[in-house]
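Engineer: Residue numbers (our numbering): 1466 to 1798. All C-beta atoms, glycine included, are put in the ideal place defined by N, C-alpha and C. All values reported here derive from a predicted model rather than from experimental measurement. I am attaching a structure below and will ask some questions about it afterwards.
Dropping the structure here:
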């Protein structure tokens, strides 16, 4: 069993993370809105089990993308005109796409032992001029991080975040998920402590989560606890007309978040729906479009996805619109 502590390598990396002269939150928000279009990548244990929320305890040997090529993903994103990407480093089932010292339920226990998918992702997208960003689920069904939350479990979360934010260079943003499935023992103080931990590792990183908008609080209050809003479109969430809060909205190109056996024969979101009904609308609302494109069990995007993204790239001219958007709210209200 791996020991729950930071390795010497991680400690040294943490010491190397710059802490001085961090960009202001206001400037980082402004920079984020300039990205406009990103690729959400749901790729994890769910890819191999026909489930969105995989049951815990799935054999790591079933995670076996024999042709994994993050460069193919990045090429498709570049051809679409995307400027950033968000990878599901860990979903609700708890499987880590990197070799974590906090658990044996990770890529090192799979047939891909010796490879680091998070590193391959970061390297491939950076090489093509696309910013790597991360998704991370607080809810961890494998380790039982839910309901009765303990200080030890918060320590596990912080340790995993330390690994992610000290091994792979500068990360643009971190999207948390899973707060709402963890029962009532999570307090705002817990969230604030994790937020502060993330900022101590990478002061420039922007942090959001899927849960805050669902608390039905005034938006100005929500903007005090996240750096930008995340609208989960399949949940019926859309950035509203006149929105002045920096945001991203996440729909799916295919019919679900994780790849399914039926996907190669299914239709995809149309070019018109992507460009005319989303990109051109959302970018006038201070909102990026984060389009989920699920890789298959080989570790590749299906050919129909690659073609559709190329079509989007030909149809979208990002400088031709968005100049009349309301001024972004760059300061805490």
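Secondary structure at residue 1712, three-state DSSP: helix, strand or coil?
Structural biologist: In the chain shown, the residue the question calls residue 1712 occupies position 247. Three-state DSSP puts residue 1712 in a strand.
Engineer: Contact defined as beta carbons within less than 8 Å: I believe residue 1606 pairs with residue 1559. What is the distance between those atoms, to the nearest angstrom?
Structural biologist: For the purposes of this step, residue 1606 is taken as residue 141 along the chain shown, with counting starting at 1. For the purposes of this step, residue 1559 is taken as residue 94 along the chain shown, with counting starting at 1. 6 Å between Cβ atoms; contact.
Engineer: My output table needs one value for residue 1529: the three-state DSSP class, helix, strand or coil.
Structural biologist: The residue labelled residue 1529 in the question sits at position 64 within the chain shown. Coil.
Engineer: Got a sec? Which residues, its chain only, sit under 6 Å from residue 1581 by beta carbon, not counting five neighbours each side?
Structural biologist: One-based indexing of the chain shown puts residue 1581 at position 116. Around residue 1581: 1563.
Engineer: Could you have a look at residue 1563 and say whether DSSP puts it in helix, strand or coil?
Structural biologist: Here residue 1563 is taken as the residue at index 98 of the chain shown, counted from 1. Coil, per DSSP.
Engineer: Please classify residue 1548 as buried or exposed, where buried requires at least 16 neighbouring CB atoms within 10 angstroms.
Structural biologist: Your numbering for residue 1548 matches position 83 in the chain shown. With 16 or more Cβ atoms within 10 Å of its Cβ, residue 1548 is classed as buried.
Engineer: Buried or exposed: where does residue 1654 fall if 16 or more other Cβ atoms within 10 Å of its Cβ makes it buried?
Structural biologist: Mapped onto the chain shown, residue 1654 falls at position 189. By the neighbour-count rule (16 or more Cβ atoms within 10 Å), residue 1654 is not buried but exposed.
Engineer: Please state whether the Cβ-Cβ distance between residue 1502 and residue 1744 is less than 9 Å.
Structural biologist: Taking the first residue of the chain shown as 1, we reach residue 1502 at position 37. Taking the first residue of the chain shown as 1, we reach residue 1744 at position 279. Between residue 1502 and residue 1744, the gap from beta carbon to beta carbon is short of 9 Å.
Engineer: Of the residues 1682, 1665, 1769, 1750, which one's Cα is nearest the Cα of residue 1759?
Structural biologist: The count along the chain shown starts at 1 and reaches residue 1759 at position 294. The residue with the shortest Cα to Cα distance from residue 1759 is 1769.
Engineer: Which residue wins for smallest C-alpha separation from residue 1517, given the options 1723, 1718, 1764, 1778?
Structural biologist: Counting from 1 along the chain shown, the entry for residue 1517 is found at position 52. The candidate whose alpha carbon is nearest that of residue 1517 is 1723.
Engineer: Using a threshold of 8 Å, is the CB atom of residue 1778 nearer than that to any non-hydrogen atom of the ligand NAD?
Structural biologist: This structure lacks the ligand NAD; in fact it carries no ligand of any kind.
Engineer: Span of the beta strand (DSSP E) holding residue 1717?
Structural biologist: Locating residue 1717 in the chain shown gives position 252, counting from the first residue. Premise fails: residue 1717 is in no beta strand (DSSP E) and is neither H nor E.
Engineer: Quick check for students: name the residue ranges of the beta strand (DSSP E) that lie wholly in the segment 1610-1694, counting only runs of 3 or more.
Structural biologist: 1638-1642, 1671-1674
Engineer: Quick test of your reading: residue 1629 and residue 1599, contact by CB under 8 Å. State the CB separation rounded to the nearest angstrom.
Structural biologist: On the chain shown, position 164 is the one that residue 1629 refers to. On the chain shown, position 134 is the one that residue 1599 refers to. About 6 Å separates the two Cβ atoms, so the contact holds.
Engineer: Closest by CA to residue 1624, which one among 1747, 1665, 1508?
Structural biologist: Residue numbering aside, residue 1624 sits at position 159 when the chain shown is read from its first letter. Comparing Cα positions, the closest option is 1665.
Engineer: For residue 1582, write down the residues that DSSP places opposite it in a beta bridge.
Structural biologist: The count along the chain shown starts at 1 and reaches residue 1582 at position 117. Partner(s): none; residue 1582 has no beta bridge.
Engineer: Starting from residue 1498 and walking both ways along the alpha helix (DSSP H), at which residues does that stretch end?
Structural biologist: Along the chain shown, read from residue 1 onward, the residue named residue 1498 stands at position 33. Counting along the chain, the alpha helix (DSSP H) containing residue 1498 begins and ends at 1490-1498.
Engineer: Indicate whether residue 1678 and residue 1693 have their beta-carbon atoms separated by less than 9 Å.
Structural biologist: Position 213 of the chain shown, counted from the first residue, corresponds to residue 1678. Position 228 of the chain shown, counted from the first residue, corresponds to residue 1693. No, the pair does not count as a contact, with Cβ atoms beyond the cut-off.
Engineer: The alpha helix (DSSP H) spanning residue 1779 covers which residue range?
Structural biologist: The residue labelled residue 1779 in the question sits at position 314 within the chain shown. For residue 1779, the uninterrupted alpha helix (DSSP H) run begins and ends at 1768-1780, by DSSP.
Engineer: Compare the C-alpha of residue 1725 against each of 1604, 1531, 1689, 1767 and name the closest.
Structural biologist: Position 260 of the chain shown holds residue 1725. Cα-wise, what sits closest to residue 1725 is 1767.
Engineer: Counting only the same chain and skipping the five closest in sequence on each side, list residues whose C-beta sits under 7 Å from that of residue 1573.
Structural biologist: One-based indexing of the chain shown puts residue 1573 at position 108. Hits under 7 Å: 1564.
Engineer: Identify, in the order they occur along the chain, each residue of the same chain with its Cβ nearer than 8 Å to the Cβ of residue 1673, setting aside the five sequence neighbours on each side.
Structural biologist: The residue given as residue 1673 occupies position 208 in the chain shown. Excluding residues within five positions, the ones whose Cβ falls inside 8 Å are 1638, 1639, 1640, 1641, 1691, 1692, 1693, 1694, 1695, 1713.
Engineer: Name the residue from 1636, 1556, 1710 whose alpha carbon lies nearest to the alpha carbon of residue 1550.
Structural biologist: As a first step, residue 1550 must be located in the chain shown, where it is residue number 85. Of the candidates 1636, 1556, 1710, the one whose C-alpha sits nearest the C-alpha of residue 1550 is 1636.
Engineer: Per DSSP, which one or two residues make a beta bridge with residue 1551?
Structural biologist: As a position in the chain shown, residue 1551 is number 86, starting the count at 1. Answer by DSSP bridge pairing, in chain order: 1505, 1598.
Engineer: Is residue 1741 helix, strand or coil when you go by DSSP?
Structural biologist: By one-based count along the chain shown, residue 1741 stands at place 276. Helix, per DSSP.
Engineer: Please go through the same chain and pick out, in chain order, the residues whose beta-carbon is closer than 8 Å to the beta-carbon of residue 1584, but skip the five residues on each side of it.
Structural biologist: The residue you call residue 1584 lines up with position 119 of the chain shown. Correct list, in chain order: 1563, 1632, 1633.
Engineer: Short of 6 Å in beta carbon distance, which residues of its chain neighbour residue 1739, apart from the five on each side in sequence? Order them along the chain.
Structural biologist: Position 274 of the chain shown, counting from 1, holds the residue named residue 1739. So the list reads 1777, once near-sequence residues are dropped.
Engineer: Would you report the Cα separation of residue 1595 and residue 1543, rounded to the nearest angstrom?
Structural biologist: In the chain shown, residue 1595 corresponds to position 130, counting from 1. In the chain shown, residue 1543 corresponds to position 78, counting from 1. Rounded to whole angstroms, residue 1595 and residue 1543 show a C-alpha spacing of 7 Å.
Engineer: Can you give me the start and stop residues for the alpha helix (DSSP H) that residue 1758 sits inside?
Structural biologist: Looking up residue 1758 in the chain shown gives position 293. If you look at residue 1758, you'll find it isn't in any alpha helix (DSSP H); DSSP assigns it neither H nor E.
Engineer: My understanding is that residue 1539 touches residue 1494, with C-beta atoms under 8 Å, so please give their C-beta distance in whole angstroms.
Structural biologist: Taking the first residue of the chain shown as position 1, residue 1539 is located at position 74. Taking the first residue of the chain shown as position 1, residue 1494 is located at position 29. Not confirmed; about 25 Å, so no contact.
Engineer: Only counting the same chain, and skipping five residues up and downstream in sequence, which positions put a Cβ closer than 7 Å to that of residue 1487?
Structural biologist: Here residue 1487 refers to the residue found at position 22 of the chain shown. Residue placement at residue 1487 is poorly supported in this model, since its pLDDT is 41, which falls under 50; the coordinates are not used for a value here.
Engineer: On the criterion of 16 or more Cβ atoms from any shown chain inside 10 Å, does residue 1719 qualify as buried, or is it exposed?
Structural biologist: Within the chain shown, numbered from 1, the residue matching residue 1719 stands at position 254. That one is buried.
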